[in-house]
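Enquirer:
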Amino acid sequence: MLKLADKKRINMTDIFTLISVFISRASDSDREAEIIKKVCNSLTKQYKADRFIIRAEDFKDLPSSTGRPQDKIDEILIKPCDVFVGVVKKDLGRGPLEGEIDLGIELSEKEDKDFLLFVKNVPRSELSEKENLRRDAFNEKYQDKVLYSTYNNEEDFFLSAFDQIGELVNKIIRGKNKLRKIAEKIVRRGDIVKLEIVSEKREVIKALYTLIDGNNVFRSRATFEDGSVQEYSPYWLCWPRGGQDPWGVFGKKRLKEVVVHYSANHERYTELSCWALPPSSTESNEHIPHASIGFSYADKKRGESYKKEKIELDIDKIGILDVSPPIGRTGGPNGHFEILTLRNVGNSAIVDCGWCVRAFGYEWRPEESINFTLSPGETKEVVYPISTQPQIFSNLAEELNLVMEYTTTNGIRLFTRRDLHQDLVPSGAFYTLSLGNFHSPQQIFNTGIKHISYAVSNGDRFESTFEVVQGEEIKKVKIGISRTFLSVWGFNDHASINAAVSELGQRLVKKMILEGKVEDYVFITKDFQVEFQDGFSGYTKLRNSLD
Numbered sequence: 000m001l002k003l004a005d006k007k008r009i010n011m012t013d014i015f016t017l018i019s020v021f022i023s024r025a026s027d028s029d030r031e032a033e034i035i036k037k038v039c040n041s042l043t044k045q046y047k048a049d050r051f052i053i054r055a056e057d058f059k060d061l062p063s064s065t066g067r068p069q070d071k072i073d074e075i076l077i078k079p080c081d082v083f084v085g086v087v088k089k090d091l092g093r094g095p096l097e098g099e100i101d102l103g104i105e106l107s108e109k110e111d112k113d114f115l116l117f118v119k120n121v122p123r124s125e126l127s128e129k130e131n132l133r134r135d136a137f138n139e140k141y142q143d144k145v146l147y148s149t150y151n152n153e154e155d156f157f158l159s160a161f162d163q164i165g166e167l168v169n170k171i172i173r174g175k176n177k178l179r180k181i182a183e184k185i186v187r188r189g190d191i192v193k194l195e196i197v198s199e200k201r202e203v204i205k206a207l208y209t210l211i212d213g214n215n216v217f218r219s220r221a222t223f224e225d226g227s228v229q230e231y232s233p234y235w236l237c238w239p240r241g242g243q244d245p246w247g248v249f250g251k252k253r254l255k256e257v258v259v260h261y262s263a264n265h266e267r268y269t270e271l272s273c274w275a276l277p278p279s280s281t282e283s284n285e286h287i288p289h290a291s292i293g294f295s296y297a298d299k300k301r302g303e304s305y306k307k308e309k310i311e312l313d314i315d316k317i318g319i320l321d322v323s324p325p326i327g328r329t330g331g332p333n334g335h336f337e338i339l340t341l342r343n344v345g346n347s348a349i350v351d352c353g354w355c356v357r358a359f360g361y362e363w364r365p366e367e368s369i370n371f372t373l374s375p376g377e378t379k380e381v382v383y384p385i386s387t388q389p390q391i392f393s394n395l396a397e398e399l400n401l402v403m404e405y406t407t408t409n410g411i412r413l414f415t416r417r418d419l420h421q422d423l424v425p426s427g428a429f430y431t432l433s434l435g436n437f438h439s440p441q442q443i444f445n446t447g448i449k450h451i452s453y454a455v456s457n458g459d460r461f462e463s464t465f466e467v468v469q470g471e472e473i474k475k476v477k478i479g480i481s482r483t484f485l486s487v488w489g490f491n492d493h494a495s496i497n498a499a500v501s502e503l504g505q506r507l508v509k510k511m512i513l514e515g516k517v518e519d520y521v522f523i524t525k526d527f528q529v530e531f532q533d534g535f536s537g538y539t540k541l542r543n544s545l546d
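Residue numbers (numbering that gives the first Met the number 0): 0 to 546.
1) Check whether the Cβ atoms of Asp-27 and Lys-88 lie closer than 7 Å to each other.
2) Please look up how many angstroms separate the CB atoms of Ile-338 and Glu-377, rounded, as I've assumed it's under 8 Å.
3) At a cut-off of 6 Å, would you count Ser-486 as near the ligand ATP, judging by its Cβ distance to the nearest heavy atom?
4) Looking at Val-402 and Cys-355, is the spacing between their C-beta atoms short of 7 Å?
5) Only counting the same chain, and skipping five residues up and downstream in sequence, which positions put a Cβ closer than 6 Å to that of Ser-386?
6) Identify the continuous alpha helix (DSSP H) that holds Leu-485 and give its terminal residues.
7) Using 8 Å as the cut-off, can you tell me whether the region 509-517 makes contact with the region 437-448, which would need three or more C-beta pairs spanning the two stretches below that distance?
8) Is Leu-399 closer than 7 Å to Leu-419 when the C-beta atoms are compared?
9) Could you give the first and the last residue of the continuous alpha helix (DSSP H) run that contains Val-508?
10) Just to confirm my understanding: we take Asp-113, look at its own chain, exclude 5 residues before and 5 after, and list those with CB closer than 8 Å. What are they?
11) Going by the CB atoms, is the gap between Ile-104 and Phe-21 shorter than 7 Å?
12) On the DSSP bridge assignment, give the partners of Ser-574 in chain order.
13) Is it buried or exposed, Pro-324, if we count other Cβ atoms within 10 angstroms and call 16 or more buried?
14) Hey, out of Glu-33, Thr-16 and Lys-129, whose CA is closest to Phe-51's CA?
15) Candidates Asp-143, Gln-163, Lys-140 and Glu-139: which alpha carbon is nearest Tyr-150's?
16) In whole angstroms, what separates the C-alpha of Glu-562 from that of Ile-319?
17) Compute the Euclidean distance between the alpha carbons of Gly-98 and Ser-439, then round it to the nearest angstrom.
18) For Ile-583, tell me which candidate among Ala-454, Glu-466 and Phe-465 has the shortest Cα-Cα distance.
19) Measure the alpha-carbon distance for Ile-569 versus Phe-137 and round it to whole angstroms.
20) Does the distance from the CB of Gly-410 to the CB of Ser-127 come in under 7 Å?
21) Could you please give me the residues that DSSP links to Leu-373 through a beta bridge?
22) Tell me the DSSP secondary structure of Glu-56 in three-state form.
23) My assumption, with CB atoms under 8 Å, is that Val-476 sits in contact with Val-517. Please give the rounded CB distance.
24) I need the straight-line Cα distance from Phe-117 to Trp-488, nearest angstrom please.
25) By the DSSP assignment, the beta strand (DSSP E) with Lys-379 in it spans what residues?
26) Please go through the same chain and pick out, in chain order, the residues whose beta-carbon is closer than 6 Å to the beta-carbon of Val-529, but skip the five residues on each side of it.
27) With distances taken from CA atoms, which of Val-521, Asn-346, Gly-470 and Ala-499 is nearest Thr-539?
28) Assign Asn-491 to buried or exposed, taking buried as 16 or more other Cβ atoms, counted over all protein chains shown, within 10 Å of its Cβ.
29) Based on Cα-Cα distance, which residue from Lys-193, Val-203 and Val-197 lies nearest to Gly-226?
30) Looking only at its own chain, which residues have a Cβ that is under 8 Å from the Cβ of Ser-536, when we skip the five neighbours before and after it?
31) Leaving out five residues on either side along the sequence, give the residues of the same chain with a beta carbon under 8 Å from the beta carbon of Gly-330.
32) State the Cα-Cα distance for the pair Gln-142 and Gly-360, rounded to the nearest angstrom.
33) Buried or exposed: which applies to Ala-55, given that a residue is buried once 16 or more other Cβ atoms fall within 10 Å of its Cβ?
34) Among Arg-123, Asn-131 and Glu-31, which has the Cα closest to the Cα of Asp-155?
35) Can you find the residues in the same chain that come closer than 8 Å, C-beta to C-beta, to Glu-362, ignoring five residues on each side of it along the sequence?
36) DSSP three-state call for Glu-518: helix, strand or coil?
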C-alpha cells in the first residue's frame, strides 16, 4: 500500500491510468452490457499491478441533468473513450444506435481508436420482412468497417468479448506509454506531496475506521509542494475481502460529491481506495495516486464487527475445472511425460485457467504458463515432465495434488484439486501418476499477507518474516517453529522446513488478522497436545486445527 504521508514526492510510476470502454447498444442488451463490464473488471484485476483501471460505461451510467441526452452521451462517454464496443441483439433501436456507431467509426479513423461490433445471429423467421431488410442493410453498411463478430448466445458472447476486448486492452497498454504523459500533465500544478481522506467535518480519517450504518460523505485533500491545499471529489473503488475485482464504484460521475451508503449487505468490504481527480487530468480520465482506508463495520444495535463471509457457490451454475481420466504418458530418450486432459465439467464458461502439481514442500508450474479459457465440456491437454522432477519421479511425496485455478464468469476466483497417486513401475525404476479423489471448488481469498520470506535458522528455531497489510501500514512479524517440533515431525530438509513454517504461519497470521492482534509467535512442543507431535500425521492435525 502506498503511504503518501511519508513521501516528499509522489513517484509517477504509482499513477493509475483509466482505459475507458464505451458500450453502444439498444435497451434489449442489458445482459451483454453486464458481461462486458465483468470482462473489464477482470482485466482491471489482471493489470492492477501495472496501474491500469479498465472501466466500461453505457447510456445508463450517464448522470441525469438538463440538455439533450444523446449530446451528453456523445460528449461525455463516446468521444473520451479508448475502446468503442457496439452490441446489436434483435432491436436496432430508433436511430441513436446507428448514430453512435457512425461517431465511433469516425473517431476510430481520425484518432486511431479501437472499435468492436458484436451482432447476434437472430433467425430470420423471428423478424418481420421490414426488420430483415433493415438488418441486412445494417450488416452491409458496417461489416467491413469495424472488427465485426457474431454470436449465438450469452456464453458465446462472453468468450468472444473476453478475448477481443482483452486483446485490444493489451495492445493499448503495450503500445502507449500513458504513464509518462500523466506525469507531464500533473506537474503543471506542481507535485502533490500528500493525499488525505477527510470526513464531512474536514477531519482526517485514519485506518482502521469503524462505520455505523448510515450516510457518510468523504473527500480527498491534496497538499502541493508549494504548501497550497485543494480538495477534490474522489473516485471510489471498493475492494472485497476476498481479493476479487472491485465490487463497485461509488459516485455517479467524476467531480461530483460522493455519498457512500453503508448497510449490512456491504460486510465484505474492508478497504476503500480513493483517487483525487484534479482538473488538469479529467479530460483524459487520468488519476493521481491514491490513498486508502480500511474499514470495520458496526451495527447500531449490537455494535459488533461483521465477519468475513464466503460467497455461496451455486455448483449447478458455475464452471468446474477437473481432469479427465486416465492420465496418458509417453517415454523415451527425451524423458518421461504425464499427459493430463483438463476439462470444464460445469455449466458455465471459465477464464484465466491455470494449473500446477503440488506436494508438501514441492510445487511445479509450467515455465511458460499461459492461462486459457474453456467453454462447458471443452478440454485442454497439458504436459507434466515428470522425469525432470526427481522429488516425484524417484521418491514418494506427501499430499501430492493436481491444483487447478480459474475464474468464473461473474469474477469469482476458484480452485479445484485432484489427489495424485504415485505408482511404482514393475522394474522399480520410477513412479508414474494416476488420479485420486476430486475436491470441489473452493474460493481463493486474499489473506492480507503481502510477502513471506524463506525460512532461516535462528538459534533453537527456523523462522520466516511475514509482511502483513494493515490499513496503509505494512507490519512485519516473525513466525517460527522450534527445532524439536520439526524433528518429531521428521522435517530435516530445508524444503520441508520452509513449507511447514509457511503453511502454519499463513493460517496463524490469518487468525491473528481476524482477531486484530498480529504479533511474533513460535510453535514449541510444550504448547501443544501429544497427538500433534506424532510424525507427519501430527503435523497435519496441528495444521488443520488452525483452519
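Idealized CB from N, CA, C, for every residue including glycine.
Expert: Quick answer:
1) In this structure, Lys-88 lies closer than 7 Å to Asp-27 by Cβ.
2) That pair is no contact at about 17 Å.
3) Only the bare structure without any ligand can be found here, which leaves the ligand ATP out of the picture.
4) The answer is yes: Cβ separation under 7 Å.
5) If you ignore the 5 residues before and after Ser-386, its C-beta comes within less than 6 Å of the C-beta of Gly-334, His-335 and Phe-392, all in its own chain and listed in chain order.
6) If you look at Leu-485, you'll find it in the alpha helix (DSSP H) that goes 482-488.
7) Contact between the region 509-517 and the region 437-448 is present, because at least three Cβ pairs lie under 8 Å.
8) A contact, by the Cβ cut-off of 7 Å.
9) Following the DSSP letters along the chain, one finds Val-508 inside the alpha helix (DSSP H) bounded by residues 493-514.
10) Excluding sequence neighbours, Asp-113 sits near Asp-81, Val-82, Phe-83, Ser-107, Leu-146, Leu-167, Lys-170 and Ile-171.
11) In this structure, Ile-104 does not lie closer than 7 Å to Phe-21 by Cβ.
12) It is not possible to answer for residue 574, since the shown part of the chain is limited to 0 through 546.
13) So Pro-324 ends up on the exposed side.
14) Of the listed residues, the one whose Cα sits closest to Phe-51 is Thr-16.
15) Per the Cα distances, Gln-163.
16) Outside the displayed range of the chain (0 to 546) lies residue 562, so it cannot be described from this structure.
17) In this structure, the CA atom of Gly-98 is about 49 Å from the CA atom of Ser-439.
18) Nothing can be reported for residue 583: it is not among the residues displayed for the chain, which extend from 0 to 546.
19) Past the boundaries of the shown model lies residue 569; the chain is included only from 0 to 546, so the question cannot be answered.
20) No, the pair does not count as a contact, with Cβ atoms beyond the cut-off.
21) DSSP lists Ile-349 as partners of Leu-373.
22) When secondary structure is reduced to three states using DSSP, Glu-56 falls in the strand class.
23) The C-beta separation of Val-476 from Val-517 comes to about 6 Å, placing the pair in contact by the 8 Å criterion.
24) Taking the straight line joining both Cα atoms gives about 59 Å.
25) Residue range 378-383 is occupied by the beta strand (DSSP E) that includes Lys-379.
26) Excluding five sequence positions before and after Val-529, none of the CB atoms of its chain fall closer than 6 Å to its own CB.
27) Of Val-521, Asn-346, Gly-470 and Ala-499, the residue nearest in Cα terms is Ala-499.
28) Classification of Asn-491: exposed, given that the 10 Å Cβ count is below 16.
29) That would be Lys-193, whose Cα lies nearest to the Cα of Gly-226.
30) Spatial neighbours of Ser-536 in its own chain (CB-CB distance under 8 Å, excluding positions within 5 residues in sequence) are not present.
31) A distance below 8 Å between beta-carbons, with the five flanking residues on each side excluded, links Gly-330 to the following residues of its chain, in chain order: Phe-336 and Ser-386.
32) Take the alpha-carbon of Gln-142 and the one of Gly-360: they are about 55 Å apart.
33) By the neighbour-count rule (16 or more Cβ atoms within 10 Å), Ala-55 is buried.
34) Relative to Asp-155, the option among Arg-123, Asn-131 and Glu-31 whose CA is nearest is Glu-31.
35) Within the same chain, Cys-355 and Val-356 come within 8 Å of Glu-362 by CB-CB distance, once the 5 residues on both sides are set aside.
36) DSSP places Glu-518 in coil when its eight states are reduced to three.
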